[in-house]
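Have a look at the structure below, then the notes.
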Amino acid sequence: MIVDVNTAVGCWPFSAAQAVTPARLSALLARAGVDLALTSSLDAIFHENPDEDNQRLFRQLRLYKRLLPVPIINPRLAAWRAAVAEWAPRAAAIKIVPSYHAYSLGGASVAGLAAELARSRLPLLVQVRMEDERVQAPALRVPPVPVANILALAERYPRLSIVALGTYSREAITLLEQSPRVRIDVSFLDGLDAVGVLVRRHGAFAGRLLLGSNMPLFYTQSALLKVQTAEATDAVRQAILGKNARKMLGL
Amino acid sequence: MIIDIHAHFPFGEYTRLEDLDMFLRRARRFHVDRICLSGYVNRYGFNPTARQVREINRWTLQAMGRHPEKLIGFCFVNPAVGADAACREIDWAIARNGFRGIKLWVSVNCRSRKLDPILTEAAELGVPVLHHASYNTLGAAAPNESTPADIADLACRFPAVPLIMAHLGHARVQGITEIAPHGNVLVDTSGSQPARGLLEEAVRRLGARRLVFGTDLPIRDYASVLGRLYDAPLTERQRGLILGQNAARLLRLEPP
Chain A
378 MIVDVNTAVG CWPFSAAQAV TPARLSALLA RAGVDLALTS SLDAIFHENP
428 DEDNQRLFRQ LRLYKRLLPV PIINPRLAAW RAAVAEWAPR AAAIKIVPSY
478 HAYSLGGASV AGLAAELARS RLPLLVQVRM EDERVQAPAL RVPPVPVANI
528 LALAERYPRL SIVALGTYSR EAITLLEQSP RVRIDVSFLD GLDAVGVLVR
578 RHGAFAGRLL LGSNMPLFYT QSALLKVQTA EATDAVRQAI LGKNARKMLG
628 L
Chain B
788 MIIDIHAHFP FGEYTRLEDL DMFLRRARRF HVDRICLSGY VNRYGFNPTA
838 RQVREINRWT LQAMGRHPEK LIGFCFVNPA VGADAACREI DWAIARNGFR
888 GIKLWVSVNC RSRKLDPILT EAAELGVPVL HHASYNTLGA AAPNESTPAD
938 IADLACRFPA VPLIMAHLGH ARVQGITEIA PHGNVLVDTS GSQPARGLLE
988 EAVRRLGARR LVFGTDLPIR DYASVLGRLY DAPLTERQRG LILGQNAARL
1038 LRLEPP
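One line per chain: the protein sequences are A and B, in this order.
According to our numbering, the first sequence is numbered sequentially starting from 378.
According to our numbering, the second sequence is numbered sequentially starting from 788.
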């Protein structure tokens, strides 16, 4: 079973690609051979209060078994506890987008959310970046989440399951080396056989690598091929393609 | 036939000739038939001397000698070393050692007339010029880095020379529109991340005959760049042109 932990529906306003509906996303993932995907709303990234976007996401995704809804929570809002209480029982994970909702991972509100998720054993997906900063729209530059802040959060909440989405290889190595618990997706890893090199040099990391495509901003095949063609054992490739995610999600 | 028009060896951590094996294993894994090597362009910074340029091209020649059936050399040239030295380098590489193209990077912006003798040589020899170009929101990577608009200027001055603008991923839609009027400019598929929609936009505005498959290996991998080509809604004819037919035409390669 192939699991993509980093997908979304909606429109990315800076992309040359058209908006992706749940039906279209499900069809494209099916064509690529992806069985399950953690799916968020792109609209929720741009709205200060993502609640309506989360409502719509859960409503729309009911029709698509392949897509597991992942709400985006903005812990700066006073109502974040209510939002978590509403979504957590039905969500596979919770996602936060600190750079787009303009807060630091070190703030008090994130601490409360982290403590809550550690208690409920729900994974926290931290979107480190959505785009290569070099090709962002010049007037709308959004910095990545510093990996040091993710490490600090992981150290403070050892029972919290954190997935850093969208790290470059050097950031991924820092996270994997310095925290025994943080997981990363492969969406932004690049360089000659990036996944294979990472696994060969740091074999212990293989259990914390997850397939993540950043679809619909990126092509699914690019992420799949990074894993499927990695110079590693078949067991390692299968783990990254799905087993690691299933274990994390308790599927 | 799949031809990677844009790769570098040696480069970064891959400096030993044995490291080439990994490149070739990767190429075989993705059914890539030929790889064009543009040299270790940043080995001596942005502005290498004529002697350093020769050293870089000798490394390319060494790699070509090891795998002549697979590797094609592009002669790295620094226009700042002067017309005579630049033309001597091109003569050494292309006329005497079988390189099939010229590579220009960031030492001199391509609006400069310092490029004119090099492009004149390219026209006489009938070889393509692969030129770095980028729009970078964070600022230019080098003081004289060329943009797609600069490439358009060069294309105007030398309409008979096939120019390959590197890095579709960094050209953005703005860059695609800037080179669109200049039929002698092609763009390679390398650069940045596998952003959906950009390749389709380039095919729509330029036509599939003006795109060539290139990775910038080892900075990018075949997985990332071929993933774009396999996932994008292109026809088989368009895909075939981009993957290798256009490059074979430029490089005057026989079909396998």
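Glycine included, C-beta positions come from ideal geometry on N, C-alpha and C.
Reduced DSSP category for residue i - H, G, I as helix; E, B as strand; rest coil
| i | result |
| --- | --- |
| B/Tyr1009 | helix |
| A/Ile450 | coil |
| B/Cys874 | helix |
| A/Tyr545 | coil |
| B/Tyr1017 | helix |
| B/Leu950 | strand |
| A/Met592 | strand |
| A/Ala393 | coil |
| B/Ser792 | In the sequence as displayed, the identity of residue 792 of chain B is Ile instead of Ser. Looking at B/Ile792 - three-state DSSP - the assignment turns out to be strand. |
| A/Leu444 | strand |
| A/Thr597 | helix |
| A/Ser403 | helix |
| A/Arg558 | coil |
| A/Asn426 | coil |
| A/Thr384 | strand |
| B/Leu1004 | strand |
| A/Ala609 | coil |
| A/Thr551 | helix |
| A/Val563 | coil |
| A/Ala414 | strand |
is_contact[residue i, chain B] using C-beta, thresh 7 Å
| i | result |
| --- | --- |
| A/Ala394 | yes |
| A/Phe582 | no |
| A/Lys603 | yes |
| A/Ser403 | no |
| A/Thr606 | yes |
| A/Pro399 | no |
| A/Leu569 | yes |
| A/Phe595 | yes |
| A/Pro535 | no |
| A/Ser556 | no |
| A/Gln598 | yes |
| A/Val380 | no |
| A/Pro515 | yes |
| A/Arg577 | no |
| A/Glu510 | yes |
Contact set for residue i: own chain, Cβ-Cβ below 6 Å, skip 5 residues either direction
| i | result |
| --- | --- |
| B/Leu973 | Ile951, Arg997, Val999 |
| B/Ser894 | Phe833, Asn834, Asn865, Ala867 |
| B/Phe817 | Tyr1009, Leu1013 |
| B/Asn884 | Leu848 |
| B/Pro915 | Gly888, Pro949, Ile951, Leu1037 |
Contact set for residue i: own chain, Cβ-Cβ below 8 Å, skip 5 residues either direction
| i | result |
| --- | --- |
| A/Leu517 | Phe391 |
| A/Ser486 | Pro452, Arg453, Trp457, Tyr480 |
| B/Arg898 | Ser933, Asp937, Asp940, Leu941 |
| A/His424 | Asp430 |
| B/Ala967 | Arg992, Leu993 |
| B/Arg944 | Asp903, Leu906 |
Sequence-distant residues of its chain with Cβ nearer than 7 Å to residue i (five each side left out)
| i | result |
| --- | --- |
| B/Thr847 | Leu824, Gly826, Gly860 |
| B/Gln839 | Tyr831 |
| B/Ser1011 | Pro981 |
| A/Ala385 | Thr416, Ser417, Ser418, Leu419, Pro593 |
Near the ligand ATP: residue i beta-carbon under 6 Å from a heavy atom
| i | result |
| --- | --- |
| A/Pro446 | Looking for the ligand ATP in the displayed structure turns up nothing, as the structure carries no ligands at all. |
CB contact below 7 Å: residue i versus chain A
| i | result |
| --- | --- |
| B/Thr1002 | no |
| B/Pro797 | no |
| B/Thr1022 | no |
| B/Leu811 | no |
| B/Pro981 | yes |
| B/Ala1010 | yes |
| B/Asn923 | yes |
| B/Glu805 | no |
| B/Leu1028 | no |
Mind pulling the alpha helix (DSSP H) runs of 4 or more residues that sit fully within the stretch 467 to 512 of chain A? 475 to 478, 485 to 497
Quiz item: Contact between the stretch 378 to 386 of chain A and the stretch 578 to 591 of chain A: three or more CB pairs below 8 Å?
Solution: yes
Any 3 or more C-beta pairs closer than 8 Å across the stretch 982 to 990 of chain B and the stretch 546 to 556 of chain A: no
When you compare the stretch 593 to 602 of chain A with the stretch 1008 to 1027 of chain B, are there three or more beta-carbon pairs, one atom per stretch, that lie closer than 8 Å?
yes
Assess contact between the stretch 492 to 511 of chain A and the stretch 537 to 544 of chain A, defined as three or more Cβ pairs (one per stretch) separated by less than 8 Å. Is contact present?
yes
Margin query: Three Cβ pairs or more, each shorter than 8 Å: is that satisfied between the stretch 429 to 445 of chain A and the stretch 791 to 807 of chain B?
Written below: no
Check: For the stretch 516 to 546 of chain A, which segments carrying the alpha helix (DSSP H) assignment without a break, of at least 4 residues, lie completely within its bounds, in sequence order?
Finding: 524 to 533
Three CB pairs or more closer than 8 Å across the stretch 609 to 620 of chain A and the stretch 570 to 580 of chain A: yes
Per the contact definition of three or more C-beta pairs closer than 8 Å, is the stretch 843 to 857 of chain B in contact with the stretch 804 to 813 of chain B?
-> yes
**Any alpha helix (DSSP H) of 4 or more consecutive residues that is wholly inside the stretch 903 to 991 of chain B** = 903 to 912, 935 to 944, 955 to 966
- [ ] List in chain order: all unbroken alpha helix (DSSP H) runs of 4+ residues lying wholly within the stretch 798 to 851 of chain B.
- [x] 807 to 816
Length at least 3, wholly inside the stretch 854 to 901 of chain B: the beta strand (DSSP E) runs in chain order: 858 to 863, 888 to 891
Between the stretch 916 to 934 of chain B and the stretch 507 to 515 of chain A, are three or more C-beta pairs nearer than 8 Å?
-> yes
*Evaluate the contact criterion for the stretch 1019 to 1037 of chain B versus the stretch 413 to 428 of chain A: three or more CB pairs, one atom per stretch, below 8 Å.*
no
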